[in-house]
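Let me begin by presenting the structure, written as structure tokens, before commenting on it.
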Amino acid sequence: MFPSKKSLAVFLSRLKGFAHPTLADEQYATDSEVAATFLWHAALQGYIEEKTVADFGAGPGILGIGALLLGAKHVVFVEKDLTVKETLLENLAYLAEQTEQTFSYEVVIKDIATFSEQVDVIIMNPPFGTKSAHADKFFLERAVLCAPTILSFHKTITKDFITAFCQDHTLRIAWELPFSYPLKQTHAHHQKKRIYIEVTGFCFTRS
127 MFPSKKSLAV FLSRLKGFAH PTLADEQYAT DSEVAATFLW HAALQGYIEE
177 KTVADFGAGP GILGIGALLL GAKHVVFVEK DLTVKETLLE NLAYLAEQTE
227 QTFSYEVVIK DIATFSEQVD VIIMNPPFGT KSAHADKFFL ERAVLCAPTI
277 LSFHKTITKD FITAFCQDHT LRIAWELPFS YPLKQTHAHH QKKRIYIEVT
327 GFCFTRS
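Position one of the sequence shown corresponds to residue 127 (our numbering), numbered consecutively onward.
Written as structure tokens, this is what we have:
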């Protein structure tokens with residue numbers, strides 16, 4: 127495991143974010159402190175080390191890279207946006223350069239709708255459904271088909287939906303972590319440099 131949660135957060139903060147984020151896909155950088163706290167907690171519970179992981183909607187790869195640093199056996203970065211691939215590869219190269227280690231991973235440029243590989247854990251920060259209704263539900267539905275454990279972020283106000291989804295798909299919430307999640311000024315219509323929204327990181331397992 128990486129030396130400490132703090133050092134993990136510092137490392138993740140040095141990764142590149144989206145070069146040209148798209149509003150339709152709700153492409154926002156995952157905050158490094160939030161990512162580190164969530165992944166560190168998951169690792170302590172035994173959900174990362176020596177696990178085969180898929181990072182759904184990987185973007186620049188902060189969650190998957192965090193999983194590699196915490197001892198994941200193999201990570202599949204699944205991202206449909208080809209324009210993000212270069213940044214993801216740069217971040218993976220930075221990972222190897224800074225740690226002087228060899229990690230097992232693959233980058234798959236495809237929609238998660240066509241991903242069917244079975245893994246131990248899905249990690250994801252899906253679109254919250256602000257621009258495309260039920261986008262988060264689509265991610266969850268696909269994740270359920272591919273892994274017995276799902277680590278995922280969702281708006282806290284959608285807890286009722288999350289609970290109902292779990293009941294419908296024989297899932298249980300193993301644990302949850304609340305965050306005041308910072309969204310940096312990313313798109314032209316954003317008037318403030320940073321706003322905070324209430325987000326919860328969930329760990330779902332098959333019951």
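Ideal placement from N, C-alpha and C gives every residue a C-beta, glycine not left out. These numbers come from a predicted model, not from an experiment.
Distance between HIS167 and LEU196, taken at the CA atoms: about 11 Å. The bridge partners DSSP lists for CYS329 are LEU277, TRP301.
Bridge partners of PRO186 according to DSSP: none are assigned. Annotated as distal: LEU277 and VAL245, with beta-carbon spacing of 9 Å or more. With respect to the 9 Å criterion, VAL325 and THR282 are classified as neighbours on the basis of their beta carbons.
Of the residues assessed, ILE321 falls on the exposed side of the cut-off, its CB having fewer than 16 other CB atoms within 10 angstroms. Residue pairing by DSSP places HIS167 in no beta bridge whatsoever.
The beta carbon of ALA239 lies closer than 7 Å to those of ARG268 in the same chain, with the five residues before and after it left out. Residue environment for PRO129: exposed (fewer than 16 other C-beta atoms within 10 angstroms of its C-beta). Contact check for TYR173 and PHE203: beta-carbon distance about 18 Å, past the 8 Å limit, so the pair fails to qualify. A direct Cα-to-Cα measurement between MET250 and ALA184 gives close to 7 Å. The stretch 176-195 makes contact with the stretch 211-229, as at least three CB pairs between them are under 8 Å.
Taking 9 Å as the cut-off, the Cβ atoms of THR228 and HIS200 do not count as close.
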